[in-house]
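Quick note: the sequence shown uses the working numbering, first residue 7, plus one each step. Backbone N, C-alpha and C define an ideal beta-carbon position, used for all residues, glycine too. Below is one structure, written out as structure tokens; comments come after it.
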Amino acid sequence: MKTAVYPYKNPYHDEIREASELLRGGGLVVFPTETVYGLGANALLPDAVNRIFGAKGRPADNPLIVHLAEASMLEMAARDIPPQAYRLFECFAPGPLSIVLPKRLEIPDTVTGGLDTVAVRIPAHPMARELIALAGVPVAAPSANRSGRPSPTGFAAACAEMDGLADCILDGGDCEIGIESTVAALDNGRIVILRPGAVTAEMIKNRLHIEVAGAPDSPDAPRSPGTKYAHYKPDAEVIVAPRMNDGLLFGWMERLAGKTLGILRLFPEVMTDDSTAIRARLEKLSAHEASTGCRVIERAFYSFEEYARELYRSFAELDGMGADRIVAEAVETNGLGRAIMDRLGKASGGKIIERIF
Numbered sequence: 007m008k009t010a011v012y013p014y015k016n017p018y019h020d021e022i023r024e025a026s027e028l029l030r031g032g033g034l035v036v037f038p039t040e041t042v043y044g045l046g047a048n049a050l051l052p053d054a055v056n057r058i059f060g061a062k063g064r065p066a067d068n069p070l071i072v073h074l075a076e077a078s079m080l081e082m083a084a085r086d087i088p089p090q091a092y093r094l095f096e097c098f099a100p101g102p103l104s105i106v107l108p109k110r111l112e113i114p115d116t117v118t119g120g121l122d123t124v125a126v127r128i129p130a131h132p133m134a135r136e137l138i139a140l141a142g143v144p145v146a147a148p149s150a151n152r153s154g155r156p157s158p159t160g161f162a163a164a165c166a167e168m169d170g171l172a173d174c175i176l177d178g179g180d181c182e183i184g185i186e187s188t189v190a191a192l193d194n195g196r197i198v199i200l201r202p203g204a205v206t207a208e209m210i211k212n213r214l215h216i217e218v219a220g221a222p223d224s225p226d227a228p229r230s231p232g233t234k235y236a237h238y239k240p241d242a243e244v245i246v247a248p249r250m251n252d253g254l255l256f257g258w259m260e261r262l263a264g265k266t267l268g269i270l271r272l273f274p275e276v277m278t279d280d281s282t283a284i285r286a287r288l289e290k291l292s293a294h295e296a297s298t299g300c301r302v303i304e305r306a307f308y309s310f311e312e313y314a315r316e317l318y319r320s321f322a323e324l325d326g327m328g329a330d331r332i333v334a335e336a337v338e339t340n341g342l343g344r345a346i347m348d349r350l351g352k353a354s355g356g357k358i359i360e361r362i363f
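See below:
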């Protein structure tokens, strides 16, 4: 199919209006959010929602998140909304938090994977909210990638995944957060995190003064998107390893002689203003590349926020550069680190090692 691709220009309102008309009429629209790019369809039209599953190759029992422009649209998707849900939205919406609620009968089972609940959120990206408001309907939208692949966090990546599969692709630049939203459910007065994201358990506890727990989904009946099937996998094999240093890096190079090795590191000792030390390290790395025949492509991050924001983009770049293996440094599982490790665990197929060599 022919996809209308709209690179950003100022003003951009005509493009958003055209996309909203496509959405309302049953079309598929790729649009930016603060988390990742989404592949949206009118959540009230079963045939439109089915097109999402076809375009992505997504299993039909994997539920979708419904996106709204503002809190006044909540009752278009959900019913019997408890006060705690409104408090969560007051604290964290618009933003990267999806809340699982009882669904309205108007929301078809194709959206929810047959469940009687639906995850809803209000995205923070102004283009997403303008699009949904103009469409005037709740929008079902998973990430705009083929199923199992890393989610796109920029316009070019979204085009690479969905050109020829969606009716329209909007350009909202790079995503601010870079990983999918937190998904939370309400359970007998407490909050249960079904999928970790940028709204952390600690943030919810601090704002609402309420018990927050993590609850792994049943593999047979997931309550949240992104918890049942393999997700976020690049073409290269991913391994999650303890904190890296150059000695361990050189060990990986020896094991991958003649291949291309991608490295994702947090707070490495190479981050220094000492130009002499930097030059000495690069010379040592170059010598080790020459002796092993292993080419190293290194990505280093200054913070958990940067690690999350750049994770999927780094996967795509390393795939494009022919990486055979990606070794990603593990982080502590507190705050945003819990979401990073969730995505790394899925990308690696659970290949998380405690010790190296």
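Where does the unbroken beta strand (DSSP E) through residue i begin, and where does it stop?
i: A125; result: T123 to R127
i: A219; result: V218 to G220
i: E335; result: R331 to E335
i: P108; result: L103 to P108
i: I359; result: Unbroken run through I359: none, as it is neither H nor E.
i: A99; result: Premise fails: A99 is in no beta strand (DSSP E) and is neither H nor E.
i: L34; result: Where L34 is concerned, there is no enclosing beta strand (DSSP E), given that its DSSP letter is neither H nor E.
Along the chain, where does the alpha helix (DSSP H) that runs through residue i open and close?
i: N212; result: A207 to L214
i: E21; result: H19 to R30
i: G343; result: L342 to A353
i: V117; result: D115 to T118
How should residue i be labelled, buried or exposed, when 16 other C-beta atoms within 10 angstroms of its C-beta is the threshold for buried?
i: I284; result: exposed
i: D177; result: buried
i: S26; result: buried
i: N340; result: exposed
i: M347; result: buried
i: K62; result: buried
i: N16; result: exposed
i: E167; result: buried
i: H131; result: buried
i: E186; result: buried
i: D20; result: exposed
i: S224; result: Model confidence at S224 stands at a pLDDT of 48, short of 50, so the residue's coordinates are unreliable; what they give is reported in the following sentence. Looking at its Cβ environment, which holds fewer than 16 other Cβ atoms inside 10 Å, S224 is exposed.
i: G46; result: buried
Relative to the C-alpha of residue i, which candidate in the options has its C-alpha closest?
i: K352; options: K239, E27 and V302; result: K239
i: D241; options: V106, P132, I105 and S320; result: S320
i: M133; options: Y308, R305 and I22; result: I22
i: P156; options: I138, R85, L51 and V244; result: V244
i: A219; options: A204, R213, H237 and A191; result: A191
i: G184; options: E304, G203 and V198; result: G203
i: E260; options: A296, A286, I197 and M250; result: A296
i: N151; options: V143, G160 and V145; result: G160
i: T123; options: A334, A83, R135 and A130; result: A83
i: P367; options: G142, E112, A146 and P102; result: Here the chain comprises residues numbered 7 to 363, so residue 367 is not present and cannot be evaluated.
Rounded C-beta distance between residue i and residue j? I'm assuming under 8 Å.
i: V126; j: L80; result: 7 Å
i: H294; j: F256; result: 5 Å
i: I58; j: P148; result: 7 Å
Notebook entry, point to check: Enumerated in chain order, which unbroken segments of the alpha helix (DSSP H) with a length of 4 residues or greater are wholly contained in the segment 52–95?
Noted result: You should have 52–62 and 80–83.
Note to self: Threshold first: 3 residues or longer. Then list the beta strand (DSSP E) segments lying entirely within the segment 238–312, N to C.
What the structure shows: Runs found: 243–247, 266–272 and 301–307.
Next item on the list: Tell me the start and end of each unbroken beta strand (DSSP E) in the segment 129–187 that is at least 3 residues and wholly inside, in chain order.
Entry: Given a length threshold of 3 residues, each whole run of the beta strand (DSSP E) inside the segment 129–187 is given here in chain order: 174–176.
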